[in-house]
Amino acid sequence: MLSYILRRIALMVPTLIGMTLMLFATARFAPGVTTGGGELGENAKQARQALEQRMRERLHLDKPLVTQYGLWLWDSIRGNYGESIQYNRPVSELIKERLPITITLNLISSIVVYLIAIPGGMLASIRRGKAFDVGWSLFTLALFSLPIIWVGDMLLAIFSNPESIFDWFPVSGSHATNTVWMTSVEYAKDFIWHITLPVICLSYGSFAYLSKIQRAAMLDNLGLDYVRTARAKGLPPRVVITRHVFRNSLLPMITIFAGILPSLLGGTVVVERIFSISGMGDLVVTATTARDLPIVEGVTFIISVISLFSLLVADLCYMAADPRVSFD
Amino acid sequence: MPVADHAAEMDVADLLRQRRQSYWAIVGRAYWRARGSTLATGWAVLVLLLTVLVPFIANDAPYTAIIHGQREFPLFRYLTRVDLIWLVWGTAVGGFAVVFRLSRRKRVPAEALLAYRTRWFLWLMALATVSSILLAVFKTDKLNDHDYHAMAAQGELAGAVYAPLRWGYAEQEMHPFSMPSATHLLGTDWTGRDVLSRLLWGARIVLEIGLVSEIISLVIGSIYGALMGYFVGKVDLLGMRFVEIVEAIPQLFLLITFIALFGRQLFMIMVIIGITSWTGIARFVRAEFLRMRGLDYVSAAQALGLPLRSILFRHMLPNGLTPVIVSFTFGVAGNIVSESILSFLGIGVVPPIASWGSMLDQAGNPGVAFRWWLALPPGIMIFLTVFAYNVIGEGLRDAIDPKTNKVV
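Next up, the structure:
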């Protein structure tokens, strides 16, 4: 088992190297660094010069190519992504400020997804082919098809619009402007109040996928011999479902837990933008419009590493959860 | 399958006709049997028609008018090269469909006719491609800076025939954010452009980006997947690692990085969406090729000494096309979502080009009154179009694989 874990981690090294190579190559060879197009005003010229200067430092353009990559990688691993052009501050500092809220949002959303998808999938599997099964799958599929940008707008319009009768939630941010005087309970309340809409917006699309998996896993297990044995023993149906089938059906759900993180991270960009939460997504979008390449590059690096690691964690979880998996 | 059940009772003549029934004919029949896929196809065709014909539907320039004593045709005169390219393709595909439908006889099965017409169709496509390239290279777009509404108000346009909707997608008026009214059926946006007109023109951008970038990822994905599946071993191992790398980076972040580096011209966005979304197709094609590489006809092609290009793309790829077509439709849906998100974030297509995503962006800014006429229509359009392409994909998959569980 230990050897499997080690091997799995060792396998990640080439993937990581490949990924960093790709990111480096896009940053190094993209024309965007040096070309802006057309006549530029004095301000734009200065901005471009600043950008070129920053990128030259970051990419070590005076060294041979292999050294460039080595130094770039070393810098990236140590968390040195250069200095932002908009803020004139190190990118790593900016990321450090903004990463926690993004991660929190994602974790809370994935928990919400699980809390709704698991019971939904279970009920659907128990009432297979009945009205609830069909209705639930149609409902979640419809949710899945709703564009997230539209849902965000509508949530804002309905629940945080002074003209609406359901004006219950704040329009922006992840907490009140002044939090110093708050006790921790009050702060928690305020935080939950602020992130309710963002979490809804981030999670609704994943219900379909996860409850489909939960339903399928339940159905797979319901047909197995041990279920028949349990029923033959005379156990009440509720116990058979909750104690036997449910436990075993959780296996794929555990596996996916880390696996859905990358897709959620994509969603955060939009959600943070709509609800003006200053997280990683908001940072990277603003940086893109301002052509603040060091930020874009640094954020993408961090996010890629995070999602790569979450895939690793997913693998290891799978192994820990299912002793039947062979480790060869 | 009913086809198999019948087979036993068929006489020779039936069997002969049965032999004519190609694989695609069976798939087609299974596809059209589902009502959902019929409706979805209808919507997709409607959006396609809109894409081709939108300059004639929503345009501020009149079809024809007498300007300064001379009869002119402003709408036709200022057609851009993109308009013309869409028209060429629309005429080619639509014309073929109409001729095909008309020339169909009852006794001849459609698939036999299709097989007979394939060569025609390919020639037609080649012709359309060549003329699009010629148009793209040689046609220069004239800037139309006439204000036809002002001209009409001053009585300079006599005997004018207008398009059904008299607003262009970029035409600005004095009243930003005006509510829907008789002049602007769906109101105006922040620079006073007509929302309905932009909604219709947005269909074109959505489809341009959805289709073109999917074609790009289709080309990359099938070449890549074919090579991996055919050569197995080391090529496959290394190739799959690269696929995993691309998949590990969340697509939206990859898109943003590319856009930050390469800029956001329309064509660039198509390419960028294309090169970030090919991994799914590569996986499918690889699996198909792994399955097929041991088959007799492949060995025969190898024994004949055919070049690799011919084995891969003339012999194997047409047989492994099924999963590609399914993932193509899903891919178009995904690309439409990507484009709308990018435009929504303000890093997609450049204004004044109309895009449903950027229209949604203006609908609600925190602290400002909500503008429902800017939020509902594009949201519904995105939803319907994405949903339609997903339903088409599901329908195709069910039709291709009769074993698929029909419960959603």
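Protein sequences, first through last, are from chains Z and Y.
Using the numbering used here, you'd call the opening residue of the first sequence number 1384 and step up by one each time.
Using the numbering used here, you'd call the opening residue of the second sequence number 22 and step up by one each time.
Glycine included, each C-beta is placed from N, C-alpha and C at the ideal position.
All values derive from a computational prediction rather than experimental measurement.
- Thr85 (chain Y): not part of any alpha helix (DSSP H); member of the beta strand (DSSP E) spanning Thr85 to Ile88, first to last residue.
- Among the CB atoms of chain Z, one or more fall inside 9 Å of the CB of Ala269 (chain Y).
- Along the segment 1417-1471 of chain Z, the beta strand (DSSP E) does not occur as any fully enclosed run of 3 or more residues.
- In the three-state scheme derived from DSSP, where H, G and I count as helix and E and B as strand, Asp215 (chain Y) is classed as strand.
- Any Cβ of chain Z closer than 9 Å to the Cβ of Ile290 (chain Y) would place that residue at the interface, and such an atom is absent.
- Measuring C-alpha to C-alpha distances from Leu1580 (chain Z) to each of Z:Asp1516, Z:Arg1674, Z:Ile1686 and Z:Ile1660 identifies Z:Ile1660 as the nearest.
- Nearest Cα to Val1582 (chain Z) within the set Z:Phe1549, Z:Ile1657 and Z:Phe1522: Z:Ile1657.
- Of the other Cβ atoms in all chains shown, fewer than 16 fall within 10 Å of the Cβ of Gln286 (chain Y); this residue is therefore exposed.
- Here the C-alpha atom of Ala1599 (chain Z) lies approximately 28 Å from the C-alpha atom of Leu60 (chain Y).
- In the DSSP annotation of this structure, Arg314 (chain Y) is not part of any beta strand (DSSP E), being labelled neither H nor E.
- Beta-bridge pairing by DSSP links Thr209 (chain Y) to Y:Asp215.
- Three or more pairs of CB atoms, one per stretch, sit closer than 8 Å, so the segment 378-385 of chain Y contacts the segment 1524-1540 of chain Z.
- Inclusion of Ser218 (chain Y) and Val306 (chain Y) in the CB contact set at 9 Å is not warranted, their separation being larger than that value.
- When rounded, the separation of the alpha-carbon atoms in Asp210 (chain Y) and Val75 (chain Y) is 19 Å.
- Taking the C-beta atoms as reference points, Ser1508 (chain Z) is found no nearer than 9 Å to Ala1591 (chain Z).
- In the structure shown, Val182 (chain Y) falls within a strand segment according to DSSP collapsed to helix, strand and coil.
- Take the alpha-carbon of Ala203 (chain Y) and the one of Val216 (chain Y): they are about 13 Å apart.
- When C-beta distances to chain Z are compared with 7 Å, the residues of the segment 243-273 of chain Y below that value are Arg262, Phe263, Glu265, Ile266, Ala269, Ile270, Pro271, Gln272 and Leu273, in chain order.
- Runs of alpha helix (DSSP H) with 4 or more residues, each lying fully within the segment 234-312 of chain Y, are found at 254-269, 272-283 and 287-296, listed in chain order.
- Here Ile106 (chain Y) has Ser153 and Leu156 as same chain residues with Cβ atoms under 6 Å from its own Cβ, once five neighbours each way along the sequence are excluded.
- Annotated three-state conformation of Pro1473 (chain Z) is strand, per DSSP.
- Around the C-beta of Val264 (chain Y), 16 or more other C-beta atoms lie within 10 Å, and the residue is accordingly described as buried.
- For Gly1649 (chain Z), a Cβ of chain Y is located within less than 9 Å of the residue's own Cβ.
- Note on geometry: alpha-carbon atoms of Pro1553 (chain Z) and Lys1572 (chain Z) lie some 13 Å from one another.
- Residues of chain Z with a Cβ closer than 7 Å to the Cβ of Thr139 (chain Y) do not exist, since the nearest Cβ in that chain sits about 35 Å away.
- The Cβ neighbour count for Ala1408 (chain Z), taken over all protein chains shown within 10 Å, is under 16; the residue is labelled exposed.
- In the three-state reduction of the DSSP assignment, Gln323 (chain Y) falls in the helix class, which pools H, G and I.
- Listed along chain Y are Ile266, Ala269 and Ile270, each with a C-beta nearer than 8 Å to that of Met1402 (chain Z).
- Taking a C-beta distance under 9 Å as the contact criterion, Ile357 (chain Y) and Thr406 (chain Y) qualify as a contact pair.
- Not flagged as an interface residue toward chain Y: Trp1551 (chain Z), since no C-beta distance is shorter than 9 Å.
- Listed as beta-bridge partners of Arg92 (chain Y) by DSSP are Y:Ile87.
- Taking a contact to require three or more Cβ pairs closer than 8 Å, the segment 289-297 of chain Y and the segment 1679-1694 of chain Z do not qualify as touching.
- For Ala1393 (chain Z), the number of other beta carbons within 10 angstroms of its own is below 16, and it is reported as exposed.
- When DSSP reads this structure, Ala79 (chain Y) sits in a beta bridge with Y:Leu186.
- With respect to chain Z, the C-beta atom of Asp419 (chain Y) has no partner C-beta closer than 9 Å.
- Taking 4 residues as the minimum length, the alpha helix (DSSP H) runs contained wholly in the segment 338-395 of chain Y are 342-365 and 377-384, in order along the chain.
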